[in-house]
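Here is the structure we will look at, set down as structure tokens.
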Amino acid sequence: KNEVEQSPQNLTAQEGEFITINCSYSVGISALHWLQQHPGGGIVSLFMLSSGKKKHGRLIATINIQEKHSSLHITASHPRDSAVYICAVRSVNTDKLIFGTGTRLQVFP
Amino acid sequence: ETGVTQTPRHLVMGMTNKKSLKCEQHLGHNAMYWYKQSAKKPLELMFVYNFKEQTENNSVPSRFSPECPNSSHLFLHLHTLQPEDSALYLCASSLDRPYNSPLHFGNGTRLTVT
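The listed protein sequences derive, respectively, from chains A and B. Residue numbers for the first sequence follow this note's numbering, so the first one is 5 and each next one is one higher. Residue numbers for the second sequence follow this note's numbering, so the first one is 173 and each next one is one higher.
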């Protein structure tokens, strides 16, 4: 079992829908990252958080340390949001990043 | 534009070839990383450099040889690769001590070993 699990693996949505992607982890962490990877391959860092909630435009990331769970929400989704969203945690034991396998999102017009 | 530039974008090489991947950043970052991304697998860390010094080698086979001549440039030298080494190779950088700040990734080099 991976130390970082994401759900769902694949997600399709109609433009305008509210989207939630989940990340659960089994190790102690000092920070959690949400990353976005477009079909071309490049990865963009969306959020780095260790508690509470962060918001940037239509994106919201939350984390519950006690439950070892984080969610990434996209409001008013748009076809340009189509990408793979990757969760990664920084382990307090190894100080390294552990990555999930990603959630592939497709938003149709 | 991510601030981290990788070349080439695509590379096809035979198992006996020698090639190099290049990564360049002018963000003033001090930590640089090589990651491997294979289909349907999580990103795998290969190497970490901090202030030009290698701080991590994640049990990578010796057919992959990194080089970091200065804080802005990182190379990955490839020789006698295997077909299973075909993957997307991603370079990243961060401002300070590894993992202490957000990573900035390049667009990757798609490597095919024939």
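Note that beta-carbon positions come from the ideal geometry of N, C-alpha and C, so glycine has one too.
DSSP-derived helix/strand/coil call for residue i
i      : result
A/R84  : helix
B/P255 : helix
A/N97  : coil
A/S30  : coil
A/R108 : strand
B/V232 : coil
A/K72  : coil
A/N6   : coil
B/Y222 : Note on residue identity: the sequence assigns Asn, not Tyr, to residue 222 of chain B. If DSSP states are grouped into helix, strand and coil, B/N222 belongs with the strands.
A/F22  : coil
B/S273 : coil
B/L217 : strand
A/L36  : strand
A/L50  : strand
A/T79  : coil
B/P246 : The sequence shown places Leu at residue 246 of chain B, rather than the Pro named in the question. B/L246 falls in the strand class under three-state DSSP.
CB contact check: residue i to chain B, cutoff 7 Å
i      : result
A/R118 : Not covered by the structure: residue 118 of chain A. The range shown for chain A is 5 to 113.
A/T105 : yes
Beta carbon proximity, residue i to chain A, threshold 7 Å
i      : result
B/Y205 : no
B/Y271 : yes
B/G291 : Summary: the structure shown does not reach residue 291 of chain B, with chain B confined to residues 173 through 286, and so no result is reported for it.
B/F219 : no
B/L283 : no
B/F223 : no
B/L183 : no
B/L260 : yes
Other residues of its chain near residue i: CB distance less than 6 Å, five sequence neighbours each side excluded
i      : result
A/V48  : Q40
A/G106 : V88, I90
Endpoints, the beta strand (DSSP E) within which residue i is located
i      : result
A/G56  : 56 to 60
B/S237 : 236 to 242
A/Q13  : Looking at the DSSP string, A/Q13 is not in any beta strand (DSSP E), and its letter there is neither H nor E.
B/E225 : 225 to 229
B/S210 : Neither: B/S210 is in no beta strand (DSSP E) and is coded neither H nor E.
B/T281 : 281 to 285
B/S192 : 190 to 197
B/T179 : 176 to 179
Same chain, Cβ closer than 8 Å to residue i, five either side skipped, listed in chain order
i      : result
B/H276 : T174, G175, V176, Q197, L199, H201, A264, S265, S266
Select from the stretch 40 to 55 of chain A all residues with a C-beta closer than 8 Å to any C-beta belonging to chain B, and list them in chain order. G44, G45, G46, I47, V48, S49, M52
Residues from the stretch 84 to 103 of chain A in contact with chain B, defined by Cβ distance under 8 Å: I90, A92, R94, D99, K100, L101, I102, F103
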